[in-house]
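Count the sequence shown with this note's numbering and you get residues 20 to 174, in order.
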Amino acid sequence: MKRAIVPLRTVFAVVGLATAAFLAPTIARAEDPPAAPAAASPAASPAAAAPATQPTLEEGLKIWNEKKNKCAQCHGADGKGDTKMGKSKNVSSMATVEFQKKYTDQQMIEAIMKGFEREEGGKKVKMEPLKNATERDAQALVLLVRSFTPKDAAK
Numbered sequence: 020m021k022r023a024i025v026p027l028r029t030v031f032a033v034v035g036l037a038t039a040a041f042l043a044p045t046i047a048r049a050e051d052p053p054a055a056p057a058a059a060s061p062a063a064s065p066a067a068a069a070p071a072t073q074p075t076l077e078e079g080l081k082i083w084n085e086k087k088n089k090c091a092q093c094h095g096a097d098g099k100g101d102t103k104m105g106k107s108k109n110v111s112s113m114a115t116v117e118f119q120k121k122y123t124d125q126q127m128i129e130a131i132m133k134g135f136e137r138e139e140g141g142k143k144v145k146m147e148p149l150k151n152a153t154e155r156d157a158q159a160l161v162l163l164v165r166s167f168t169p170k171d172a173a174k
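1. Please classify D156: is it buried, with 16 or more other beta-carbons within 10 angstroms of its beta-carbon, or exposed?
2. Excluding sequence positions up to five away, which residues of its chain have a Cβ less than 7 Å from the Cβ of E147?
3. Apart from the five residues just before and just after G95, which ones in its own chain have a Cβ nearer than 8 Å to its Cβ?
4. Where A43 and Q73 are concerned, what is the direct C-alpha to C-alpha distance, given to the nearest angstrom?
5. Taking its Cβ as the centre, do 16 or more other Cβ atoms sit within 10 Å of A91, making it buried, or is it exposed?
6. What's the gap between the Cα of T153 and the Cα of V110?
7. Can you tell me which of the three DSSP states E139 falls into?
8. What residue from S112, M127, V161, N151 has the CA that sits closest to K87's CA?
9. Have a look at Q119, V164, K145, A114 and flag the residue whose alpha-carbon is nearest the alpha-carbon of K81.
10. Taking only three categories from DSSP, how would you classify V144?
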């Protein structure tokens, strides 16, 4: 009996269609807009009609590089902490797999918003909160910090 050889693209197409068919009801439900209250109307509240956007990497980079914030002065442009100030304050490199795995996004947001003080390796580590930071600012900075993940981390 001779075996039929099926091209890989056919296999991928079938798997893709099956996955789409399986997920379609879930995706449709997630994208359905919630019902607006009867009293509220887009004309009465233009801000409510505009969709909220997610923070961007570019926003994070702008905040990071603002001199008054001292992010880049301490952590360096690449997040490695290899600056005069970073070395004097015992700053950890954010560009390591260990750092990226150690802290959740929420922990980083809290550190940005509230600052922190702890002992690490027998040395005190302290970071002041980012002055006048919004939750969006903190989220944008976390996006930037996550971009410091080493390129070979997936290997």
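Beta carbons: idealized from backbone N, C-alpha and C, even for Gly.
According to the data block:
1. buried
2. G134
3. D101, T102, G105
4. Per-residue confidence for A43 stands at a pLDDT of 48, beneath the threshold of 50, marking its modelled position as unreliable; the derived number appears in the next sentence. Each residue's Cα considered, the two are about 24 Å apart.
5. buried
6. 23 Å
7. strand
8. N151
9. V164
10. Residue state, collapsed to three classes: strand.
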